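Using my numbering, the letters of the sequence shown correspond one by one to residues 8 to 292. These notes concern the structure reproduced below.
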Amino acid sequence: MKESVASTIFVLLLFLDTGLLNGQSPPGKPEIVKCRSPEKETFSCWWKPGENGGLPTKYTLTYHKEGETLTHECPDYITSGPDSCYFNKKHTSIWTMYIITVNATNQIGSTSSDPRYVDVTYIVEPDPPVNLTLELKQPEDKKPYLWMKWFPPTLVDVRSGWLTLQYEIRLKPEKATEWETHFAGQQTQFKVLSLYPGQKYLVQVRCKPDHGFWSEWSPESSIQIPNDVTMKDTIVWIFVAVLSAVICLIMVVAVALKGHSMVTCILPPVPGPKIKGFDTHLLEQ
């Protein structure tokens with residue numbers, strides 16, 4: 008019996024030595040890079056594999072809930088793509104702490120990631136808003152403006168109040184480098200007044216829950232602003248400027264022609280003394 012055990016250990020050591028000589032080793036430490044819930048009902052976690060040690064490596068994700076000792080394995084390695092685990096509604100609980108670990112194993116050994124502590128309530132990152140539409144409004148006797156509206160992400164239940172979203176819009180002329188950003192609050196429509204005529208504008212929108220992170224920006228939507236969009240306002244301002252110039256010119260001419268009379272009106276001469284019997288020529292001596 009002792010000889011059999013010794014032989015087994017010798018074979019294992021010989022295998023390990025041979026593997027190390029061939030540049031093979033236990034797998035490197037994996038790293039959990041992100042856990043995300045799109046709507047506070049399901050969530051996914053992704054990891055980055057370490058070095059595989061030159062051998063085929065198997066990865067498993069295990070977890071347990073805070074206060075429990077029973078360990079579970081990932082229920083779905085497919086839905087969220089490579090190196091990921093997806094938790095459907097059946098396996099997701101809010102206000103519950105998940106302690107998650109990724110394990111890597113090959114023929115020589117195994118290693119585990121640092122544990123990741125996840126509360127689904129605080130990892131909500133929704134999908135971008137959808138159906139962003141743009142329209143140029145030109146009401147009579149008012150400045151034109153860009154009207155935009157959109158819908159919440161498809162997966163998010165906002166009607167029941169289960170998740171409340173806030174929105175942010177950004178826009179810029181197509182060739183500009185800087186975005187102009189506007190916070191829209193909880194409304195799903197917004198208008199922008201300051202527009203450059205003749206420019207093609209690009210617009211995007213994103214959203215954020217009360218607890219969680221901003222979504223990615225939605226795909227760009229665009230709209231062309233006509234060259235004559237501010238023509239009415241321009242004509243009015245030109246008329247006002249010309250009228251003001253004419254009035255100023257009239258005032259200058261009037262002052263030049265009637266300067267003396269205007270000075271007399273503004274600064275009249277000081278009247279002489281009116282004492283009866285007093286000779287005013289005495290004051291001149």
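Every residue gets a Cβ at the ideal spot worked out from N, C-alpha and C, and that includes glycine. Remember, predicted model here, so these are calculated numbers, not experimental data.
CA-to-CA distance, residue j to residue i, given in whole angstroms
i	j	result
GLN173	PRO136	11 angstroms
PRO160	LYS97	22 angstroms
MET238	GLU185	Only weak support is given to the placement of MET238: the predicted model assigns it a pLDDT of 43, under 50, and the value that follows is read from those uncertain coordinates. Going from the Cα of MET238 to the Cα of GLU185 covers about 26 angstroms.
LEU170	LYS41	21 angstroms
GLY205	LYS72	58 angstroms
GLN194	LEU153	16 angstroms
SER119	PRO33	11 angstroms
GLY88	GLU75	28 angstroms
ALA252	MET258	10 angstroms
SER222	LEU250	52 angstroms
Best match in the options for proximity to residue i [C-alpha to C-alpha]
i	options	result
ASN59	GLU75, GLU48 and GLN31	GLN31
PHE102	VAL127, TYR84, ILE85 and LYS156	Per the sequence shown, the amino acid found at residue 102 is Trp instead of Phe. The option with the nearest alpha carbon to TRP102 is VAL127.
GLN196	ILE176, LEU209 and GLY205	ILE176
THR86	SER51, TYR129 and ILE230	SER51
SER44	THR64, PRO63 and THR99	THR99
LYS144	PRO233, GLU132 and ALA183	PRO233
TYR105	GLU48, THR69, LEU162 and GLU227	THR69
LYS149	THR108, LEU200, PHE158 and GLU223	LEU200
PRO122	PHE158, ASN110 and PRO146	ASN110
Enclosing beta strand (DSSP E) for residue i [first to last residue]
i	result
ALA191	187-192
PHE220	Segment: none, PHE220 is in no beta strand (DSSP E) and carries neither H nor E.
ALA111	104-112
GLU38	38-43
ASP175	Just to set this straight, residue 175 is Glu in the shown sequence, not Asp. Per DSSP, GLU175 belongs to the beta strand (DSSP E) from 172-180.
ASN59	Neither: ASN59 is in no beta strand (DSSP E) and is coded neither H nor E.
CYS214	207-216
ASN138	137-144
Residue burial classification, residue i (beta-carbon count within 10 angstroms, cutoff 16)
i	result
PHE94	buried
VAL131	buried
GLN211	buried
LYS47	buried
- prompt: Any contact of the segment 137-147 with the segment 54-68, i.e. 3+ C-beta pairs under 8 angstroms?
  reply: Taking 8 angstroms as the limit for Cβ pairs, the verdict is that the segment 54-68 does not touch the segment 137-147.
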